[in-house]
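Worksheet: the structure to be examined is printed underneath.
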Amino acid sequence: MKELSSAEIRQMFLDFFASKDHLVVPSKSLIPDNDPSLLWINSGVATLKKYFDGSVVPPKPRLTNAQKAIRTNDIENVGKTARHHTLFEMMGNFSIGDYFKEEVIPWAWELLTSPEWYGLDKEKLYVTVYPKDQESKAIWEKTDLPDGHIYEVEDNFWDIGEGPSGPDSEIFYDRGEAFADLPADDPEMYPGGENERYLEIWNIVFSQFNHLPGLTDNSTYPELPHKNIDTGMGLERLVSVFQNGRTNFDTDLFLPIIHAIEPLTDGKKYDETKDTEDNVSFKVIADHVRAVAFAISDGAKPSNEGRGYVIRRLLRRAVLHGQKLGIQGNFLAKIVPSMVGTLDAFYPELKEKESLIESIMTAEEKRFNKTLKAGLAMFDQFVEEAKAAGSKEISGENAFKLSDTYGFPVELTAEQATDLGMTVDMEGFKKALQEQKDRARAARGKEHAMGVQNAALTDLTVDSKYVGWSKTAVDGAKIVAIIAHDDSGVAVNTDSAKAGATAWLVFDQTPFYAEMGGQVADFGTVKDENGDIVAEVRDVQAGPNGQNIHEVELADDVQVGQVVDLAVDMERHHAVSLNHTATHLLDQALRNVIGGDVHQAGSLVEPEYLRFDFNHEGPVDQATLNKVQDEVNRQIQRNLPITWEEMSIEDAKKLGAVAVFDDKYGDTVRIVSIGDYNREFDGGTHAKSTAELNLFKITSESGVAAGIRRIEAMTSLPALTDFEAEEQTLQTIAKNLKVPNLLAVSDRVADLAAELKEAKTQMGALQGQLAALQATELWQNPADINGLSVVAASVKVENASGLRQMADAWRDKGASNVLILAAAIGEKVNLLVAADKTANGAGVKAGDIVKAIAPIVGGGGGGRPDMAQAGGKDQDQIPAALDKAKELIAEV
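Put into structure tokens, the structure is as follows:
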């Protein structure tokens, strides 16, 4: 079997169908584009639905792709079985009213068995067909699929309800006795049965019928006027075949990630030879990190609903399995580079978003780790309580407490319980959840940003004033409220909190900005009168009653009434402020350059970068992005002053201040003005003048939803560093191209491309001439073997096409009855055998000869009676292979 990497397997699939006149469609975002029926793209065909249902005409009727997909309906099986994944890649070829069975089945066989492509052993391949689809069976029988390798299976009919449907044909690979998990006489031990020996690697759906409303018997479905082909080949499965992986995880798609996890554990190792509890945890972490990284790179982020909830659940599930492996501290971001390294060649967005992926994972993991230890202890307590009561069920109230207080998704609690042979009262959980929603709605009808809506917050009435507009430090602030967890894990108001705990503090005045409007919160320190750090501020959120709630890690005991000094982390604060100002400049520049109804649709302002979403149909071209970037930089160079003032909302509207997307405003609003360039309603922090930004650089532009585009950008030192990195790359290229300056790179690259094209043309012509010269010499003295004229020789050609050119010349000349050619190409051997009708009539078949001689050179192959090819590795055995071919002809 060929030794192929996952990247080579994927590319070979796409190249094969490109050679069959298919358009290669890039892998699309995991977030469906204007398809509310899907939470995630969950199959290779999901992004092409608009072509199959006829709502959009495809750019070409023949399409092929390798599409990333996410499925989480059976997440609990990930790591416990050989093949379950949350994220996987599905390779497929598709016909929209073009080719059908007669073409797709031979193509599938060619890709799988041809030495030029995958070159799999035909004896190990089996197919299943729908019993009533004798047409497909007959086409399979025309290939050289071994006798007895076709099975008729009643389940081979694809039908998901009203709409297109049809029979399908599944292709299986026999992994051998070593993978047999059932006795040979078990009724499931066959291709298509529930066993590990026969692995399904490809499914070809013949979409030819229309399942009309009211019809229940597929034999009565009318035929579609335009028949389609939809195939799916799981990359992870196929890679396990080529790399002889015991499971999908024992391949180059997962092992680099798993090996990156091992040093972080307390000495645990992944065992590729057998199933262990530790193996499950290694697999879960590797799988989930892949899924989350792709999801984040496509614009999703952790939250408490929808896609964000899926990401949060996957991350937390991975963290729990890290605990089982003895991993201490935050670790997910540490294994991201190993995952990116396995896929970034085909998915460059992973490398581009690597730092973003790591930062989001780290923030989410930190948030969960703060409560994980206490949550696991609470879970154990609930288990013991249930056992003491003679029950194997964790109450819904307790499951809700784990979710509400410690951030445990109820599904994780259920999984933990299942591992112990217990269950969770899901109806009780739903009831407790609804009661909480009712209380929150009654309190203020407003969701709290920290996701914990209880009396400790809703009943908090102490006064607290934000003074951050003019101060970034406050001496003599007073702690007016402390919220901590009691022994049962419930958040409560308390008079004091102990060192080592995580608590929420409220001060009578604070310089710390609370996360709002896309701008992240300030971090900083809380010190006592001696200047010693009492607490580290790690998050600030707006409470239900308007106070800034500071999440802190306590280094010392604190109590209500204590006087402390507060100081904002100025490096972080300044970086965030610069990027916030940049969002206003970018907003205005987009409206100026693009025009129309362009407006903000969301933003995120971090210290390292900014993200800005806006409405726009289709990508923004590079020339327009350059204009936008240039305009922002011009405003920076103008050193425009940045000022703010408060006024009534009516006065603000008279001034023409811009109100962004769907922000809600009170009677009094804050207006931020950037010189004469921009004026907006705003509640965030900013630079004092545009000159402080120094530089603005757009780093990416992408689509995040139907009609919504996203720009990511940097300012100041990060922007300069990014420019310098690009310049250094160009300088290296210029040096290698030996051009005088960077401006000459483009012209030199164009010249080289033209030279390369010309060289390839000349090479092709020379190869043809060389093949013709060799052929002329070969045809002169054919050998007479058993009454047949035979040409058998080792020749020199550059590639396999050279052999085929010589075979074409042989056929045109009628030079002999049989042609046997061998060539050493690189480190491989290529064989070609051709036989005319006279040789076939005498019993000499090209395919039979190739099958017999290919093993001599350490390879395999096959073909038709008139033409067959093979590949191998042992070039020293070429003479022996040619001699064997002659012997076979002599013996006929």
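Sequence positions in the sequence shown follow my numbering and run 2 to 893.
By construction, the Cβ of each residue, glycine as well, lies at the ideal position given by its N, Cα and C atoms.
message = Quick check: I71 and I106, are their CB atoms within less than 7 Å of each other?
response = Within the sequence shown, numbered from 1, the residue matching residue 71 stands at position 70. Within the sequence shown, numbered from 1, the residue matching residue 106 stands at position 105. No, these two residues do not count as a Cβ contact at 7 Å.
message = Out of Q135, F283 and R176, which one is the CA nearest neighbour of P264?
response = Here residue 264 refers to the residue found at position 263 when the sequence shown is read from its first residue. Ranking the options by Cα distance to P264, first place goes to F283.
request  = Look at the Cβ atom of M91, then the Cβ atom of G300, and state whether they are nearer than 7 Å.
outcome  = Counting from 1 along the sequence shown, the entry for residue 91 is found at position 90. Counting from 1 along the sequence shown, the entry for residue 300 is found at position 299. It is not a contact, given that the beta carbons lie outside the stated cut-off.
query = Is the distance from the Cβ of K138 to the Cβ of I151 below 7 Å?
reply = By 1-based counting over the sequence shown, the position of residue 138 is 137. By 1-based counting over the sequence shown, the position of residue 151 is 150. Against a cut-off of 7 Å, the Cβ pair of I151 and K138 comes out as a contact.
ask   = Given that a residue counts as buried once 16 or more other Cβ atoms are within 10 Å of its Cβ, and exposed if not, what is D272?
value = Locating residue 272 in the sequence shown gives position 271, where the first residue counts as 1. So D272 ends up on the exposed side.
message = Report the CB separation of V425 from A400 in whole angstroms; it is logged as a contact under 8 Å.
response = The sequence position of residue 425 within the sequence shown is 424, counting from 1. The sequence position of residue 400 within the sequence shown is 399, counting from 1. V425 to A400, Cβ: 5 Å. Contact.
request  = Tell me, please, which residues DSSP counts as bridged to Y467.
outcome  = The residue you call residue 467 lines up with position 466 of the sequence shown. DSSP, once it has assigned bridges, lists T511 as partnering Y467.
task = With a cut-off of 8 Å on the beta carbons, I'd call T691 and Q636 a contact; round off their distance for me.
result = Numbered from 1 along the sequence shown, position 690 holds the residue referred to as residue 691. Numbered from 1 along the sequence shown, position 635 holds the residue referred to as residue 636. Contact holds; Cβ gap of about 5 Å.
inquiry  = Let's see if you can read the secondary structure: which residues bound the alpha helix (DSSP H) around A840?
reply    = Position 839 of the sequence shown holds residue 840. Residues K838 to G842.
inquiry  = For the ligand SAH, I want to know if D622 counts as a neighbour, meaning its beta carbon is within less than 6 Å of at least one of the ligand's heavy atoms.
reply    = With respect to the ligand SAH, the structure shown offers nothing to examine, as it has no ligands at all.
task = Note the first and the last residue of the continuous beta strand (DSSP E) segment covering N494.
result = By 1-based counting over the sequence shown, the position of residue 494 is 493. First-last of the beta strand (DSSP E) with N494: A492 to T495.
ask   = So L254 packs on V240, CB below 8 Å; how close in whole Å?
value = Your numbering for residue 254 matches position 253 in the sequence shown. Your numbering for residue 240 matches position 239 in the sequence shown. About 6 Å; that satisfies the 8 Å criterion.
ask   = To which residues does DSSP link I395 through a beta bridge?
value = To locate residue 395, count along the sequence shown from 1; it is residue 394. Note: I395 sits in a beta bridge opposite V425.
key: Nearest-angstrom Cα separation, counted from D75 out to I42   = Stepping through the sequence shown from its first residue, residue 42 is reached at position 41. Stepping through the sequence shown from its first residue, residue 75 is reached at position 74. Their backbone Cα atoms lie some 16 Å apart in a straight line.
query = At a cut of 8 Å, does the stretch 637-655 reach the stretch 680-696 through at least three beta carbon pairs?
reply = yes
key: Where V740 falls: helix, strand or coil (DSSP)   = As a first step, residue 740 is located in the sequence shown; it is residue number 739 there, counting from the start. Three-state DSSP puts V740 in coil, outside helix and strand.
ask   = In angstroms, rounded to a whole number, what distance separates the CA positions of H687 and W470?
value = For the purposes of this step, residue 687 is identified with residue 686 of the sequence shown, where counting begins at 1. For the purposes of this step, residue 470 is identified with residue 469 of the sequence shown, where counting begins at 1. C-alpha separation (whole angstroms): 9 Å.
ask   = Between A881, E702 and Q870, which lies nearest to E353 when the distance is taken from Cα to Cα?
value = Working through the sequence shown from its first residue, we reach residue 353 at position 352. Nearest C-alpha to E353: E702.
request  = Use the C-beta contact count for V764: other C-beta atoms within 10 angstroms, 16 or more gives buried, fewer gives exposed.
outcome  = Taking the first residue of the sequence shown as position 1, residue 764 is located at position 763. Per the sequence shown, the amino acid found at residue 764 is Met instead of Val. Flag for M764 reads exposed.
task = Excluding the 5 residues preceding and the 5 following V25 in the sequence, name in chain order all residues of the same chain whose CB lies nearer than 6 Å to its CB.
result = Here residue 25 refers to the residue found at position 24 when the sequence shown is read from its first residue. Excluding residues within five positions, the ones whose Cβ falls inside 6 Å are L15, A19 and T65.
ask   = Is the Cβ-Cβ distance between N211 and F158 less than 7 Å?
value = One-based indexing of the sequence shown puts residue 211 at position 210. One-based indexing of the sequence shown puts residue 158 at position 157. Result no, Cβ atoms of N211 and F158 do not sit closer than 7 Å.
ask   = In terms of alpha-carbon separation, which member of H85, K838 and L421 lies closest to E385?
value = Against the sequence shown, residue 385 aligns to sequence position 384. It is L421 whose Cα lies nearest to the Cα of E385.
query = Of the choices R639, M423, G391 and K431, whose alpha-carbon is the least far from that of P410?
reply = As a position in the sequence shown, residue 410 is number 409, starting the count at 1. Nearest option by C-alpha distance: K431.
ask   = For N818, is the classification buried or exposed, using 16 other Cβ atoms within 10 angstroms of its Cβ as the cut-off for buried?
value = Numbered from 1 along the sequence shown, position 817 holds the residue referred to as residue 818. Burial call: buried.
ask   = What's the gap between the Cα of D813 and the Cα of V740?
value = On the sequence shown, residue 813 is found 812 positions in, with the first residue counted as 1. On the sequence shown, residue 740 is found 739 positions in, with the first residue counted as 1. So the two alpha carbons sit approximately 49 Å from each other.
ask   = H260 by DSSP, collapsed to three states: which one?
value = As a first step, residue 260 is located in the sequence shown; it is residue number 259 there, counting from the start. Helix, per DSSP.
query = Which partner residues does H212 have in the DSSP bridge list?
reply = Within the sequence shown, numbered from 1, the residue matching residue 212 stands at position 211. BP columns for H212 point to G164.
request  = Give the DSSP-derived three-state secondary structure of F524 in the structure shown.
outcome  = Start at 1 with the first residue of the sequence shown, and residue 524 comes out as number 523. In this structure, F524 counts as coil in the three-state DSSP scheme.
ask   = Using the rule of at least 16 other Cβ atoms within 10 Å of the residue's Cβ for burial, across every protein chain shown, is V577 buried or exposed?
value = Taking the sequence shown and counting its residues from 1, the one referred to as residue 577 is at position 576. Answer is buried; the Cβ neighbour count reaches 16.
request  = Would you grab the beta carbon distance between L333 and D279 for me? Rounded to a whole angstrom, and I think it's under 8 Å.
outcome  = As a working mapping, residue 333 is identified with position 332 in the sequence shown. As a working mapping, residue 279 is identified with position 278 in the sequence shown. Actually they do not touch by this definition, with Cβ atoms about 18 Å apart.
request  = Please work out which residues of its chain come closer than 7 Å, Cβ to Cβ, to K270, disregarding the five sequence neighbours upstream and downstream, and give them in chain order.
outcome  = Start at 1 with the first residue of the sequence shown, and residue 270 comes out as number 269. E263, listed in sequence order.
query = Taking just the CA atoms, how far does G842 sit from L883?
reply = For the purposes of this step, residue 883 is identified with residue 882 of the sequence shown, where counting begins at 1. For the purposes of this step, residue 842 is identified with residue 841 of the sequence shown, where counting begins at 1. Distance between the alpha carbons of L883 and G842: 22 Å.
key: Terminal residues of the alpha helix (DSSP H) in which L591 lies   = Taking the sequence shown and counting its residues from 1, one reaches residue 591 at position 590. M571 to V594 is the extent of the alpha helix (DSSP H) around L591.
request  = Determine the direct distance from the alpha carbon of V565 to that of I286, and round the result to whole angstroms.
outcome  = By 1-based counting over the sequence shown, the position of residue 286 is 285. By 1-based counting over the sequence shown, the position of residue 565 is 564. Each residue's alpha carbon lies about 42 Å from the other.
key: C-alpha distance - F724 paired with V538, whole-angstrom precision   = Taking the first residue of the sequence shown as 1, we reach residue 724 at position 723. Taking the first residue of the sequence shown as 1, we reach residue 538 at position 537. Roughly 33 Å between the two C-alpha positions.
task = Verify whether the separation of the beta carbon atoms of A568 and T526 is less than 7 Å.
result = For the purposes of this step, residue 568 is identified with residue 567 of the sequence shown, where counting begins at 1. For the purposes of this step, residue 526 is identified with residue 525 of the sequence shown, where counting begins at 1. In contact: A568 and T526 (Cβ atoms closer than 7 Å).
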